[in-house]
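Notes follow the structure.
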RNA sequence: GGCCCCGUCGUCUAGCGGCCUAGGACUCUGGCUUCUCAAGCCAGCUACGAGGGUUCGAAUCCCUUCGGGGCUACCA
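Residue numbers (my numbering): 37 to 525.
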């Protein structure tokens, strides 16, 4: 995507936080961010909170937190400021009011006194008649008398933009040249009856005032673009200074509907709690609607920024696939350095009360992490996997108890207990050597049989990290005590 | 209903007229390895929605059709 005017690239991510940021929002944010980084431009973050009934301070704070967590740092916006602030639309009300007054004075916009009941009735009529829906223009040319009448009836007007006859043509970088006939773009409301601005006004005014050069946003806003352009015209912005538009395809849920809070786990906060890595989420999301062009699938944030171009963005929607996200998350976990892995694992262990977080515990966790690193898909699996190392009153899980109750299992445990008691060098290699010599070679047992019994006796479960490493981490005393505790006679 | 967008394996995608008897990844199935579970390795299944054109030649261009989605708010 070139930049025909000389202005420096500025891309904005402008969510309306009516809930936790979800997968679709973040995919848009990621592409915005990647485009800015790729071009060396500015990444602007703006909060569209003109609907204060639905946007709360908590959601705004959560959105800021989520973006930070993902590493999608912005150059202009909340907290960091910038030359074109404020970046919360609720703090720019006077600006919108000024432009609204100007549009009214220019006759680009007009007061509309229609009640919602009247508009509703009109829409129904249009629908049943099969004609183009939209405002019928009833208040376009009100006489002074009519206005006086409405006012005396106590009606408060909205400010409505006048759409002239004709059409709007613009180029969408992803979809090509698009033309919308104004006959299907009805006059739209800019300012509510209570004087508060609408998205239709604020988005256009802000993009112009904040010198935004590229608008990459969801496909759902595609048909609102002619309205946005109409506002540019009323503002007197020359066409050469309109931003480039690129409407990103949807990210859809499993049921093929647009991803929303109603279907599936969409909130990024949930993925965070589940132990997905931010870089895995970004990597996966980058592959939804975009690809590096070669067969590469594992890409770092740095690579995403280097390789991202809007030209490579698909025009068709993508389905969100949890399985693939999990696969990528597992890959990313395996790539973690031990210290990094430790820092990310600790909060999960503490939250699940497996450890309190003291130095001694952390030391054990650090020693144990390497043997589970390739065994987990999400960080939230760690507590269950390492719990056996920290439990004070050890118990074998109920379903495994019968498996060590029979005579052959009991003799294995007895034999192992004797072998291990005499073992001085308590290392996983030493443990393995002595047990193999005794159980496998001397007694001729199948490894699977012998070690399963010991696994149950020492970890409490048939599934565990590698046995000898687990024993080493557990320590000689605890291992002997646990095996002894499993002896029945 | 009207307007608009979209259509390659189950899913994400590569492909931008000949390199395609369509490649990769995830999933799934089978196998190898193996102290469990994983990881790893190998193999296999499965796709150009349909119908017309254009062309020597089409997944790639055009049309129609069907299907999916979005918008149609004093939401964004």
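Ideal Cβ positions, reconstructed from N, Cα and C, are used throughout, including at glycine.
Rounding to the nearest angstrom, what Cα-Cα distance links residue 118 and residue 400 in this structure? Cα-Cα distance, rounded: 46 Å.
Please name the residue or residues paired with residue 83 in a DSSP beta bridge. In the DSSP output, where bridge partners are listed per residue, residue 83 has 124.
Let's test the definition: count the other Cβ atoms within 10 Å of the Cβ of residue 69 and tell me whether it reaches 16, buried, or not, exposed. Buried, since its Cβ has 16 or more Cβ neighbours within 10 Å.
Three CB pairs or more closer than 8 Å across the segment 238-250 and the segment 197-206: With a cut-off of 8 Å, the segment 197-206 and the segment 238-250 do not count as touching, because too few Cβ pairs lie within range.
Would you call the segment 376-394 and the segment 470-482 touching, i.e. three or more CB-CB distances under 8 Å? No, the segment 376-394 does not touch the segment 470-482.
Which class does residue 487 belong to by DSSP, given the choice of helix, strand or coil? Of the three classes helix, strand and coil, the one that applies to residue 487 here is helix, per DSSP.
Report the option in 413, 489, 437, 289 whose CA atom is closest to the CA atom of residue 444. Of 413, 489, 437, 289, the residue nearest in Cα terms is 489.
Can you tell me whether residue 145 is helix, strand or coil according to DSSP? Reduced to three states, the DSSP call for residue 145 is strand.
Below 8 Å, how does it come out for the segment 350-363 and the segment 315-330: are there three or more Cβ pairs, yes or no? At 8 Å Cβ cutoff, the stretches touch.
Using the beta-carbon count (16 or more within 10 Å), is residue 176 buried or exposed? By the Cβ-count criterion, residue 176 is exposed, with fewer than 16 other Cβ atoms from all chains shown falling within 10 Å of its own Cβ.
Contact between the segment 67-84 and the segment 42-57 (3+ Cβ pairs under 8 Å): Three or more pairs of CB atoms, one per stretch, sit closer than 8 Å, so the segment 67-84 contacts the segment 42-57.
For residue 315, which residues from the same chain have a beta carbon less than 8 Å from its beta carbon, with the 5 sequence-adjacent residues on both sides left out? Here the set comprises 107, 336, 337, 368.
Identity of the residues DSSP links to residue 511 by a beta bridge: Beta-bridge analysis with DSSP links residue 511 to no other residue.
In this structure, does DSSP put residue 188 in helix, strand or coil? Note: residue 188 maps to helix in three-state DSSP.
Proximal residues to residue 125 (C-beta, below 6 Å), its chain only, five neighbours per side dropped: A distance below 6 Å between beta-carbons, with the five flanking residues on each side excluded, links residue 125 to the following residues of its chain, in chain order: 84, 85, 86, 238.
Inspect the CB distances between the segment 480-497 and the segment 396-410 and report whether three or more fall short of 8 Å. The segment 480-497 and the segment 396-410 do not touch, with fewer than 3 CB-CB distances between them shorter than 8 Å.
Three or more C-beta pairs under 8 Å: does that hold for the segment 248-264 against the segment 209-228? Short answer: they touch.
What's the call for residue 376, buried or exposed, on a 16-neighbour Cβ count within 10 Å? Under a 10 Å Cβ-count criterion, residue 376 is classified as exposed, with fewer than 16 other Cβ atoms of the shown protein chains found around its own Cβ.
Use the C-beta contact count for residue 274: other C-beta atoms within 10 angstroms, 16 or more gives buried, fewer gives exposed. With fewer than 16 Cβ atoms within 10 Å of its Cβ, residue 274 is classed as exposed.
According to DSSP, residues forming a beta bridge with residue 282: Beta-bridge pairing links residue 282 to 252.
C-beta contact flag for residue 210 and residue 284 at 9 Å: For residue 210 and residue 284, yes; Cβs fall inside 9 Å.
Helix, strand or coil for residue 324? Go by DSSP, reduced to three states. DSSP places residue 324 in the coil class of the three-state scheme, outside both helix and strand.
Using the Cα positions of residue 153 and residue 192, report the straight-line distance between them to the nearest angstrom. As the crow flies, the alpha-carbon of residue 153 is around 14 Å from that of residue 192.
Rounding to the nearest angstrom, what Cα-Cα distance links residue 503 and residue 382 in this structure? If you take the alpha carbons of residue 503 and residue 382, they lie about 23 Å apart.
Short check: CB of residue 144 to CB of residue 290, under 9 Å? In this structure, residue 290 does not lie closer than 9 Å to residue 144 by Cβ.
Excluding the five sequence neighbours on either side, which residues of its own chain have a C-beta within less than 8 Å of the C-beta of residue 519, listed in chain order? Within its own chain, the residues whose Cβ lies closer than 8 Å to the Cβ of residue 519, once the five positions on either side in sequence are excluded, are 449, 452, 453, 456, 490, 493, 494, listed in chain order.
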